[in-house]
Amino acid sequence: MTNTNALDVYNKLMEFYGPVDWRPPLSPVDELVSTILSQSTTDLNRDRAFKRLKERFGSWEAVMKGDVADIETAIRVAGLFRQKAPRIKAALQFVYNSQGAFSLDFLKTLPVEEACVWLTQMHGVGVKTASIILLFSLGMPAFPVDTHVHRITKRLGLIPPKASAEKAHYILEEALPPETCLNAHLNLIRLGREICRARNPKCEVCPLNEMCAYYQLAMAN
Ligand code: SF4
1 MTNTNALDVY
11 NKLMEFYGPV
21 DWRPPLSPVD
31 ELVSTILSQS
41 TTDLNRDRAF
51 KRLKERFGSW
61 EAVMKGDVAD
71 IETAIRVAGL
81 FRQKAPRIKA
91 ALQFVYNSQG
101 AFSLDFLKTL
111 PVEEACVWLT
121 QMHGVGVKTA
131 SIILLFSLGM
141 PAFPVDTHVH
151 RITKRLGLIP
161 PKASAEKAHY
171 ILEEALPPET
181 CLNAHLNLIR
191 LGREICRARN
201 PKCEVCPLNE
211 MCAYYQLAMA
221 N
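Residue numbering for the sequence shown follows our numbering, beginning at 1 and increasing consecutively.
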């Protein structure tokens, strides 16, 4: 661990990339279904499957009551459809049975940790999925950790070398002011795609190299 500060990282990325122009948020239940569909596929195929599911069934109630085989057919393009179809159906049933509606707005009244625990009761909903719903759809200060964020924050020394992605959620949520979570998350992902790639990171052009444990160590050797 270095003394790298999460807020300094956020500020540097805001200087470099600026604030992110993000699409209008999906409703929390739409985001729940979309994130289940997103597992192990591209954004494009996730969005195709989501659109086909909505076109085929017309409402979340119809999906909840629909045949798993029909849901599988609608979402086939997203891959892993035999796993995802029953998970979507069960998640919708869970929400409806608990709330009497397809709404997750009540989560806004809970602390982030409690809201996360509630969401992760659903099969197939892990801390990352829960954090995405809380951050993007409900505007809560959760911090989703995907493979890019996990890799970069380890290299920077913001999380211990052996910290799991799940543990990283809690460390980063604590380290960042609530209003920074969205831009910090999205700018780290952009950095991971463009500069701090898994193989051959382009440290020489990275705006974070002066505060990066990985780079400083490489330069010292
Ligand atoms: S300096 Fe290199 S390793 Fe560190 S964050 Fe930037 S690209 Fe990644």
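Ideal Cβ positions, reconstructed from N, Cα and C, are used throughout, including at glycine.
- Annotation for residue 152 indicates a beta carbon within 8 Å of some heavy atom of the ligand SF4.
- In terms of side-chain proximity, the C-beta atom of residue 45 is found no nearer than 8 Å to any non-hydrogen atom of the ligand SF4.
- The alpha-carbon of residue 161 is positioned some 25 Å away from that of residue 125.
- Around the beta carbon of residue 192, 16 or more other beta carbons lie within 10 angstroms, which makes this residue buried.
- Under the three-state reduction of DSSP, residue 14 is assigned to helix.
- Rounded to the nearest whole angstrom, the CA to CA distance from residue 170 to residue 89 is 29 Å.
- For the ligand SF4, the residues with a Cβ under 7 Å from any of its heavy atoms are, in chain order, 152, 155, 156, 191, 195, 196, 201, 202, 203, 206, 208, 209, 212, 214 and 215.
- For residue 169, the enclosing alpha helix (DSSP H) begins and ends at 165-175.
- Residue 53 counts as buried, since at least 16 other C-beta atoms from the protein chains shown sit within 10 angstroms of its C-beta.
- Secondary structure note for residue 193: its alpha helix (DSSP H) is the uninterrupted segment 181-194.
- Secondary structure at residue 39: coil, using DSSP grouped into helix, strand and coil.
- Per DSSP, the continuous alpha helix (DSSP H) segment holding residue 117 begins and ends at 112-119.
- Taken through DSSP and simplified to helix, strand or coil, residue 133 comes out as helix.
- When the Cα atoms are used, residue 98 and residue 82 turn out to be separated by approximately 25 Å.
- By the C-beta density criterion, residue 205 is exposed, having fewer than 16 other C-beta atoms within 10 angstroms.
- For residue 61, the uninterrupted alpha helix (DSSP H) segment begins and ends at 60-65.
- Looking at 75, 86, 33 and 143, the one whose alpha-carbon comes closest to that of residue 60 is 33.
- For residue 204, there is no enclosing alpha helix (DSSP H), as DSSP marks it with neither H nor E.
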